[in-house]
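Sequence order for the protein chains is S and F. Counting along the first sequence from 1, when you hit position 165 you're at 167 in the working numbering, and nothing is skipped either side. Counting along the second sequence from 1, when you hit position 194 you're at 262 in the working numbering, and nothing is skipped either side.
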Amino acid sequence: MLHRDLLIQAVKAIRTQPLRAALIILAMSIGVASVNVLTALGDSARRYVVHEFESLGTHLVIVLPGRNETTGGHPPLFGETPRDLTLDDAAALFRSRQVAAIAPVSIGSAPVSVAGLERETNIMGSTHSLLRVRHLTMAQGVFLPEAEADKELPVCVIGKKIADELFARRKAVGEWLRINDRRFRVVGVLAKEGQSIGTGFDELVIVPVASAQALFDSHSLFRILIEAHSEAAMHKAVDEVRAIIKLRHEGEDDVTIITQDSVVNTFDKILTALTLTVAGIAAVSLAVAGVLVMNVMLVSVSQRTAEIGLLKALGATRGQLLRWFLCEAALLSLAGALCGSLLGRIGIEALQWWFPNFPVALPAWAMLAALAVALATGLVFGVMPARRAAALEPVAALNRR
Amino acid sequence: MVWQDLFRLALGSITSHKQRSLLTALGLIIGIAAVVILTSIGRGVHGFVLGEFTQFGTHLLAVYPGKTTTFGLSGATISTVRPLTAADAESLQSVESVLAAMPLVQGNARIEACGKQRRSNVFGVGPALPQVWRIGVDIGRFLPEEGADNARPFAVLGSKVRQELFGEASPLGQRIRIGSDRFRVVGVMRSKGQMLGFDLDDTVFIPSARAMEMFDRQGLMEIDVLYRGDASAERVEQAVKQRLLARHGAEDFTIVTQNQMLEKMDSVLSVLTLAVAALGGISLLVGSVGILTIMTIAVSERVAEIGLLRAIGAERGTVFRLFLAEAVLLSLAGGSGGVGLGVGVVKLVAVLLPALPVQLAWNYIGLAFAVSLAIGAAAGVAPAVKAARLKPLDALRAE
């Protein structure tokens with residue numbers, strides 16, 4: 003039998019039972035569509051988070067005060083240490099050649115007021131380098147001036163939300179605002195960033211780090227953010243930073259150093275595992291669809307015993323019959339897989355329409371994998387019915403009627 | 069037809085196609101088992117997380133410095149111009165229904181003893197910690213009751229710190245160095261394990277005043293308030309708020325009650341369980357398409373039988389019920405098989421992987437079973453109607 007004949011025969015056999023075929027295709031397409039949609043959701047979430055982290059800056063190294071002995075536990079993200087990181091520590095890190103920019107960060111909370119309007123918000127003390135290290139963009143005005151880190155200057159940069167709340171319909175740049183009992187002149191407004199990982203820059207007031215330390219009456223830094231020259235330099239920078247801090251802290255290694263790529267990798271791994279799990283759960287429905295294909299093909303073999311007997315009597319070989327029934331199963335699952343992909347596409351478009359801010363896209367490999375798995379399921383579950391058909395004795399089969 | 073006969077006939081036609089019925093039920097079995105297993109994991113995680121939170125007791129509220137409107141970590145925990153002081157904590161002791169108010173400062177320092185050293189969490193706390201956080205003292209005693217101003221340099225070790233520094237030797241009465249200060253060990257806490265990432269066993273507890281001195285801090289990071297079990301949470305919250313308002317003159321603090329936290333957590337986790345149940349439901353849906361398909365085939369196969377039944381006087385309703393009963397029986401078998409398989413797997417997982425929290429979610433299991441019955445009934449209706457509509461003469465002639 004030629005391939006074309008095989009195909010035509012199989013299509014004809016399917017078309018004699020349109021309702022039955024439609025139901026199998028429906029079952030298969032539900033499975034494929036759910037795998038598609040769920041993988042797309044998971045993968046998009048992964049890319050979204052990774053992108054968020056990367057927008058923190060490339061080649062970023064973060065130095066935190068304090069260290070826990072037990073490896074595997076999370077680093078002391080906040081909390082105090084007897085020996086703080088200071089501005090001098092930050093300045094000393096410039097001795098490393100791998101370092102392109104250093105932004106010391108101190109953080110605290112204080113009431114901010116303008117002409118009777120007051121709200122409590124987070125205050126961040128830093129230097130001009132923060133603009134570069136955190137890839138911030140300005141909506142109006144300029145960022146903190148380039149000056150020595152230990153210089154107190156009465157200027158500040160405010161987030162978009164703070165600007166809207168305290169200077170509604172007024173230009174904020176050039177105005178004075180009061181943080182606790184000190185006055186600061188607004189020199190710039192940050193562009194709307196949304197919720198970036200960790201800190202909401204929209205609700206933040208940034209002042210020179212020395213001013214923040216005076217405000218909170220403390221000389222410690224919350225973090226030191228370092229931008230390395232390149233990715234290769236980043237790993238060298240980690241060792242050099244550790245060595246410099248150790249030298250300054252009387253031989254004690256009492257800081258935690260996090261590189262940005264290690265954080266990104268961790269999240270990437272977690273979210274990939276999550277996506278695969280969800281896709282795997284959805285794929286169980288493909289197995290159920292496969293069982294259905296097998297069931298229906300078995301029924302059709304038993305119904306078409308006479309036909310098979312006739313074919314065999316006319317000289318059809320076992321192999322030909324096997325291929326014929328397998329071809330039918332494969333065609334059914336292929337149709338189901340294609341319908342399912344289409345359905346998944348529609349589902350993803352609908353999600354996209356509902357949540358325009360969250361980009362949902364299906365990676366090509368996932369779509370192909372779903373198609374392949376569906377096809378394989380159909381074939382695997384088609385084998386048993388096909389073998390049964392091929393094994394029928396021609397005389398017995400013809401005799402049945 | 070009496071229902072016993074109906075049942076027997078339906079059962080007969082199911083068992084006459086053993087393989088086909090088995091495969092149909094298998095589709096449902098996989099679907100239901102998926103729902104049962106997934107919701108058990110969801111419920112298990114739910115219970116685990118809530119357990120983590122309530123191990124400190126439920127009659128707790130926490131006061132943080134700073135009034136923030138944003139969710140997340142407030143900068144005020146690091147530093148603020150309006151700190152919470154030890155005197156605030158002391159004053160809260162006397163609020164009505166309050167059993168204890170415990171100041172908290174958290175940090176990280178090097179601990180040295182017997183020539184060994186390690187870096188650990190350091191918690192500056194009040195003497196009420198064992199009561200407020202429900203951690204027992206293993207040996208020795210906890211920090212003594214004394215004024216915040218003259219707290220003596222005593223330290224209590226977490227079980228892991230003790231193990232690392234002293235091994236089997238008794239640490240009681242020994243001197244240790246934390247940061248650059250010297251402390252005397254007065255007790256060791258019972259092992260408590262991880263609490264949301266914080267290893268409480270890898271921790272040293274010292275008086276909060278000493279910790280503030282060591283870390284050069286003006287204010288506390290948090291005050292944990294334990295109140296009487298019979299007092300209403302809202303009343304206590306109000307009273308604490310009034311007291312602090314009177315002391316500070318402005319609302320420059322944030323109060324978080326355990327109930328608020330638990331409610332939020334609870335609703336988030338319930339959504340999680342619901343979501344995995346929905347995921348498992350997809351295969352249930354596919355399984356139901358299987359029942360629909362097989363019943364449709366059954367009707368078209370058995371046209372002659374239906375004709376005969378009608379010819380010997382069976383009414384339309386009877387034929388309808390006969391086919392419906394078959395569908396329901398099939399899905400009943402699939403449903404119970406699925407519940408059995410799911411429960412079995414969950415029990416097996418509980419034995420083999422004790423680290424994975426699983427808990428049978430009986431309401432979801434009941435729901436899945438009910439859904440399987442409903443699916444059977446729904447999938448059976450269309451074919452049953454088709455069977456009932458057949459004209460007896462045509463049906464008999466079909467063969």
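Where a beta carbon is used, it is the ideal one built from N, C-alpha and C, also for glycine.
Setting aside the 5 residues that flank it on each side, alanine 382 of chain F has no residue in the same chain whose C-beta is closer than 7 Å to its C-beta. Looking at the DSSP output, arginine 252 of chain F sits in a beta bridge with F:Phe222 and F:Arg243. When Cβ-Cβ separations below 7 Å define contact, phenylalanine 169 of chain S makes no contact with chain F. Remark: C-beta atoms of serine 111 of chain S and glycine 134 of chain F approach each other more closely than 7 Å. At a cut-off of 7 Å between beta-carbon atoms, alanine 219 of chain F makes no contact with chain S.
Linking leucine 340 of chain F to valine 104 of chain F through their CA atoms gives a straight-line distance of about 14 Å. Of all C-beta pairs linking the stretch 319-331 of chain F to the stretch 399-416 of chain F, fewer than three are shorter than 8 Å, placing the two stretches out of contact. The C-beta distance from serine 128 of chain S to valine 211 of chain S rounds to 5 Å, short enough to fall under 8 Å. In this structure, the beta-carbon distance from valine 253 of chain F to alanine 219 of chain F does not fall below 7 Å. Distance check between proline 151 of chain F and each of F:Arg285, F:Arg209, F:Gly119 and F:Ala196 places F:Arg285 closest, using alpha-carbon atoms only. For serine 128 of chain S, the uninterrupted beta strand (DSSP E) run begins and ends at 119-128, by DSSP. Within the same chain, Ser356, Ile359, Leu360, Met363 and Ala395 come within 7 Å of alanine 447 of chain F by CB-CB distance, once the 5 residues on both sides are set aside. In terms of beta-carbon proximity, glutamate 82 of chain S lines the interface with chain F, with at least one pair separated by less than 7 Å. The shortest C-alpha to C-alpha distance from alanine 216 of chain S to any of S:Glu154, S:Val191 and S:Val51 is the one to S:Glu154. The beta carbon of leucine 458 of chain F is closer than 6 Å to those of Ile374 in its chain, skipping five residues each way along the sequence. Remark: C-beta atoms of isoleucine 82 of chain F and glycine 403 of chain F do not approach each other more closely than 7 Å.
For arginine 180 of chain S, the nearest beta carbon of chain F is not closer than 7 Å to its own beta carbon.
Counting only runs of 3+ residues, the beta strand (DSSP E) found wholly inside the stretch 172-220 of chain S occupies 178-181, 184-192 and 206-210, in chain order.
Glutamate 205 of chain S is a Cβ neighbour of lysine 163 of chain S, given a cutoff of 7 Å.
Cβ proximity to chain F below 7 Å picks out Leu21, Arg22, Leu25, Ile26, Leu28, Ala29, Ile32 and Gly33 from the stretch 14-34 of chain S.
Its Cα nearest to that of lysine 260 of chain F, the residue F:Phe121 stands out among F:Phe121, F:Thr126 and F:Ser300.
Across the structure, aspartate 270 of chain S and isoleucine 260 of chain S are spaced so that their CA atoms are roughly 16 Å apart.
Comparing C-alpha distances from phenylalanine 145 of chain S to each of S:Pro156, S:His137 and S:His130 shows the shortest one belongs to S:His130. Inclusion of proline 451 of chain F and glycine 112 of chain F in the CB contact set at 7 Å is not warranted, their separation being larger than that value. Nearest Cα to valine 13 of chain S within the set S:Gly349, S:Ile350, S:Ser335 and S:Phe357: S:Ser335. For aspartate 269 of chain F, there is no enclosing beta strand (DSSP E), since its DSSP letter is neither H nor E.
Taking the Cβ atoms as the reference, valine 207 of chain S lies roughly 5 Å from isoleucine 125 of chain S, within the contact range of under 8 Å.
In the three-state DSSP reduction, asparagine 401 of chain S falls in the helix class (H, G or I). Against aspartate 320 of chain F, the close residues of chain S are Pro113 and Glu122, in the order they occur along the chain (beta-carbon pairs closer than 8 Å). Proximity of chain S to methionine 282 of chain F at the Cβ level (cut-off 7 Å) is accounted for by Pro84, in chain order. Taking a contact to require three or more Cβ pairs closer than 8 Å, the stretch 355-365 of chain S and the stretch 295-315 of chain S do not qualify as touching. For leucine 353 of chain F, the chain S residues whose C-beta falls within less than 7 Å of its own C-beta are Ile32, listed in chain order.
By the criterion of a C-beta distance shorter than 7 Å, alanine 102 of chain F is surrounded in its chain by Gly348 and Ser351, once the five residues flanking it on both sides are discounted. The alpha-carbon separation between phenylalanine 234 of chain F and glutamate 180 of chain F amounts to approximately 11 Å. Put simply, the CB of asparagine 401 of chain S is far from chain F, with every gap to its CB atoms at 7 Å or more.
Of all C-beta pairs linking the stretch 199-207 of chain F to the stretch 151-171 of chain F, three or more are shorter than 8 Å, placing the two stretches in contact.
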